[in-house]
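Number of protein chains: 2
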Amino acid sequence: MITIIVPENHPEAVSVPVNDRGLAYGDGLFETILVRDGEPQLLQAHCRRMLDGARRLGIPACEADLVKAVDRARAQASEVPGYQVLKLVLTRGSGGRGYRPPPSPEPRLILSLMAAPPATPDSGVGTVISDIPLTVNPVFAGIKSLNRLEQVMASRAMPEDCYEALMPGDQGDLREGTRTALLYLWEGQWRTPPREQVAVRSVMLAHIERGLAREGVKITEAPLFPEQCQRPEFGGLVLVNSIVGAVPVQTLDGRELPRPGQLATITSLAKQPEEFR
Amino acid sequence: MITIIVPENHPEAVSVPVNDRGLAYGDGLFETILVRDGEPQLLQAHCRRMLDGARRLGIPACEADLVKAVDRARAQASEVPGYQVLKLVLTRGSGGRGYRPPPSPEPRLILSLMAAPPATPDSGVGTVISDIPLTVNPVFAGIKSLNRLEQVMASRAMPEDCYEALMPGDQGDLREGTRTALLYLWEGQWRTPPREQVAVRSVMLAHIERGLAREGVKITEAPLFPEQCQRPEFGGLVLVNSIVGAVPVQTLDGRELPRPGQLATITSLAKQPEEFR
Numbered sequence: 056m057i058t059i060i061v062p063e064n065h066p067e068a069v070s071v072p073v074n075d076r077g078l079a080y081g082d083g084l085f086e087t088i089l090v091r092d093g094e095p096q097l098l099q100a101h102c103r104r105m106l107d108g109a110r111r112l113g114i115p116a117c118e119a120d121l122v123k124a125v126d127r128a129r130a131q132a133s134e135v136p137g138y139q140v141l142k143l144v145l146t147r148g149s150g151g152r153g154y155r156p157p158p159s160p161e162p163r164l165i166l167s168l169m170a171a172p173p174a175t176p177d178s179g180v181g182t183v184i185s186d187i188p189l190t191v192n193p194v195f196a197g198i199k200s201l202n203r204l205e206q207v208m209a210s211r212a213m214p215e216d217c218y219e220a221l222m223p224g225d226q227g228d229l230r231e232g233t234r235t236a237l238l239y240l241w242e243g244q245w246r247t248p249p250r251e252q253v254a255v256r257s258v259m260l261a262h263i264e265r266g267l268a269r270e271g272v273k274i275t276e277a278p279l280f281p282e283q284c285q286r287p288e289f290g291g292l293v294l295v296n297s298i299v300g301a302v303p304v305q306t307l308d309g310r311e312l313p314r315p316g317q318l319a320t321i322t323s324l325a326k327q328p329e330e331f332r
Numbered sequence: 056m057i058t059i060i061v062p063e064n065h066p067e068a069v070s071v072p073v074n075d076r077g078l079a080y081g082d083g084l085f086e087t088i089l090v091r092d093g094e095p096q097l098l099q100a101h102c103r104r105m106l107d108g109a110r111r112l113g114i115p116a117c118e119a120d121l122v123k124a125v126d127r128a129r130a131q132a133s134e135v136p137g138y139q140v141l142k143l144v145l146t147r148g149s150g151g152r153g154y155r156p157p158p159s160p161e162p163r164l165i166l167s168l169m170a171a172p173p174a175t176p177d178s179g180v181g182t183v184i185s186d187i188p189l190t191v192n193p194v195f196a197g198i199k200s201l202n203r204l205e206q207v208m209a210s211r212a213m214p215e216d217c218y219e220a221l222m223p224g225d226q227g228d229l230r231e232g233t234r235t236a237l238l239y240l241w242e243g244q245w246r247t248p249p250r251e252q253v254a255v256r257s258v259m260l261a262h263i264e265r266g267l268a269r270e271g272v273k274i275t276e277a278p279l280f281p282e283q284c285q286r287p288e289f290g291g292l293v294l295v296n297s298i299v300g301a302v303p304v305q306t307l308d309g310r311e312l313p314r315p316g317q318l319a320t321i322t323s324l325a326k327q328p329e330e331f332r
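Line by line, the protein sequences are chains A and B.
Sequence positions in the first sequence follow the working numbering and run 56 to 332.
Sequence positions in the second sequence follow the working numbering and run 56 to 332.
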């Protein structure tokens, strides 16, 4: 494993060879981890998702390698109080014959620290339904791979004042945001779109689920069609990810959505990632 | 546009910043072009496909930029007789907020020359049907983007003595190889799988189609199911791409296929790319 630690806020200073397979084919994985006062949050869950992805793609990587690299980045992060974002990129490295990887690849792990995004307003955020459908290859479902062109193009098409684009499946059901998982209230119960149909398995959603389970509350899986959002059974929509936590949706394609009634429970769980690890 | 020319056979000597969007998200395109005695073959068609992809993805690039860069690589290529491969990678460059690209990206164009692959045997090649389904987002159909994890994994799963893996659609129909387009004979007529269902629009297939059209022969679009290959109407399967030209398939999952009767016409067209440009 070749490990590269990028100096904070100087990503242009560090580079990878042009024959890296991450660049050539998106042959790799990534994670973005919230760092609070120098401590990476939900680190174990992020490492597990990356290692699960690596196993499924056949990229040789082990937990010890990741932890060692994160420790080096942590030393850098600890000098900065408050919030930062730690990004891990794991590629299959260089080599191979075209698409075909080398039999014993030497992966490349790149760590970089970045400023955290600005906080979202308490009133919630505006969203749109993307024109770009989400296609999920069942072989790669849940893997946070470097093949993210759909998310790039959905983000690019968003109006400037919009926070997130929700990506529809082939039936028009809303599956996930470009960078967030969906959690919604239906008849007072928390639901999320079926997990085998989303591109990325959300670390934060799993964390919230574990937290709710301690209170005996279950999240069920059920598709969400846009027209459901206007029905009386619908109680509101929340976007979740590791960096922003839980953010209520105020509008969808310009129409007001109800503010989720049990939002405080979700946001409080999202704000305390380590306590529930 | 930032242009990077990689010294021949030294890809590790040149690098791109870790925040390049091609590495981060597969946010870019590529082309592989056959070079014969220093001359890139079907250059115009390759540039057109890349520029069409760039337009659809919103990556600012113009033909003059590509031609100027290729001219620089050509100067290097001209020192080598025989066949080489010229690879062009065009990324959206660095920057943006996460998936969302910057409003005015500065793309990065990377050119590298590589040795051509060994010639294929006249008797044809062995192929398998991949376990990995091909998912084609209709918004990106035909674009040769850097999101190629499906092709990587299908190549990786191939037996060592196998030349190509044929990727099935969700109905099990054979759509394309990992790096080749499919052309087959049915009742003595040339057919190819429907073009809106394949991931990459083939430059060589279009070239062969133009050549056949001059002789009044048409290629029709129709899906190919594996069971059809055992039927008497089936007359053989040919793999085509810009680098290898046209290669007959000898076996599919270990079963012998008939040798295409009109193969000579196809291989002769494929061997003379420039004459039919």
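Every residue, glycine too, gets a C-beta built ideally from N, C-alpha and C.
Predicted model, so just to flag it, every value in this text is computed and none were measured.
For residue i, does the three-state DSSP call read helix, strand or coil?
i: glutamine 244 of chain B; result: strand
i: glycine 266 of chain B; result: helix
i: phenylalanine 85 of chain B; result: strand
i: lysine 334 of chain B; result: Summary: the structure shown does not reach residue 334 of chain B, with chain B confined to residues 56 through 332, and so no result is reported for it.
i: threonine 306 of chain B; result: strand
i: leucine 221 of chain B; result: strand
i: leucine 112 of chain B; result: helix
i: phenylalanine 195 of chain B; result: helix
i: glycine 290 of chain B; result: strand
i: glycine 232 of chain A; result: strand
i: valine 73 of chain B; result: coil
i: alanine 119 of chain A; result: helix
i: serine 323 of chain B; result: helix
i: proline 95 of chain B; result: strand
i: serine 210 of chain A; result: helix
i: valine 272 of chain A; result: coil
i: valine 258 of chain B; result: helix
Who are the near neighbours of residue i in its chain, counting only those whose CB is closer than 7 Å to its CB and skipping five residues on each side?
i: proline 303 of chain B; result: Gly179, Gly291, Val293, Arg314, Pro315, Leu318
i: arginine 111 of chain B; result: Ile198
i: arginine 127 of chain B; result: Ile60
i: arginine 91 of chain A; result: Tyr138
i: glutamate 63 of chain A; result: Gln131, Leu168
i: glycine 243 of chain A; result: Gly290
Please determine, among the options, the residue with the shortest C-alpha to C-alpha distance to residue i.
i: isoleucine 60 of chain B; options: B:Tyr80, B:Lys123, B:Gly150, B:Ser159; result: B:Lys123
i: glutamate 270 of chain B; options: B:Thr320, B:Leu240, B:Arg103; result: B:Thr320
i: alanine 196 of chain B; options: B:Leu97, B:Arg91, B:Arg104, B:Leu98; result: B:Arg104
i: valine 140 of chain A; options: A:Arg129, A:Gly148, A:Glu276, A:Ser149; result: A:Arg129
i: glutamine 305 of chain A; options: A:Ser297, A:Cys284, A:Val299; result: A:Cys284
i: serine 323 of chain A; options: A:Glu311, A:Met259, A:Glu276; result: A:Met259
i: tryptophan 241 of chain A; options: A:Met56, A:Ala277, A:Ala116; result: A:Ala277
i: glutamate 86 of chain B; options: B:Gly77, B:Cys102, B:Pro72, B:Arg286; result: B:Cys102
i: glutamine 327 of chain B; options: B:Leu89, B:Ala79, B:Thr58, B:His65; result: B:Leu89
Once you ignore the five residues that flank residue i on each side, which residues in its own chain have a CB closer than 6 Å to its CB?
i: serine 185 of chain B; result: Ala209, Ala220, Met222
i: glutamine 206 of chain B; result: Thr233
Between the C-alpha atoms of residue i and residue j, what's the straight-line distance to the nearest angstrom?
i: aspartate 82 of chain A; j: serine 70 of chain B; result: 17 Å
i: glycine 153 of chain B; j: alanine 170 of chain A; result: 12 Å
i: serine 257 of chain B; j: alanine 301 of chain A; result: 44 Å
i: glycine 309 of chain A; j: threonine 182 of chain A; result: 8 Å
i: glutamate 231 of chain B; j: asparagine 296 of chain A; result: 36 Å
i: alanine 236 of chain B; j: isoleucine 298 of chain A; result: 42 Å
i: proline 193 of chain B; j: glutamine 252 of chain B; result: 8 Å
i: lysine 273 of chain A; j: threonine 247 of chain A; result: 11 Å
i: proline 158 of chain B; j: alanine 116 of chain B; result: 14 Å
i: glutamate 67 of chain A; j: proline 160 of chain A; result: 25 Å
i: threonine 175 of chain B; j: alanine 325 of chain B; result: 14 Å
i: leucine 267 of chain A; j: glutamate 215 of chain A; result: 34 Å
i: proline 162 of chain B; j: glutamate 264 of chain A; result: 41 Å
i: glutamate 288 of chain B; j: serine 200 of chain B; result: 35 Å
How about residue i: is its C-beta nearer than 8 Å to some C-beta of chain C?
i: arginine 127 of chain A; result: Protein chains in the displayed structure are A and B, and chain C is not among them.
Could you tell me whether the Cβ of residue i comes closer than 8 Å to any Cβ of chain A?
i: glutamate 205 of chain B; result: yes
i: valine 194 of chain B; result: yes
i: leucine 145 of chain B; result: no
i: valine 69 of chain B; result: yes
i: aspartate 92 of chain B; result: no
i: serine 178 of chain B; result: no
Leaving out five residues on either side along the sequence, give the residues of the same chain with a beta carbon under 8 Å from the beta carbon of residue i.
i: arginine 332 of chain B; result: Reliability fails at arginine 332 of chain B, whose pLDDT of 42 lies under 50, so the model's placement of it is uncertain and the value that follows must be treated cautiously. So the list reads Leu97, Gln99, Ala100, His262, once near-sequence residues are dropped.
i: asparagine 74 of chain A; result: Ser149, Gly150
Counting only C-beta atoms, is residue i closer than 8 Å to chain B at any point?
i: isoleucine 165 of chain A; result: yes
i: isoleucine 59 of chain A; result: yes
i: arginine 104 of chain A; result: no
i: phenylalanine 331 of chain A; result: Low confidence applies here, because phenylalanine 331 of chain A scores a pLDDT of 46, under 50, leaving its location unreliable and the question unanswered by this model.
i: methionine 56 of chain A; result: no
Below 7 Å, is the gap between the Cβ of residue i and the nearest heavy atom of the ligand SAM?
i: asparagine 64 of chain A; result: Of ligands this structure carries none, so the ligand SAM is not represented either.
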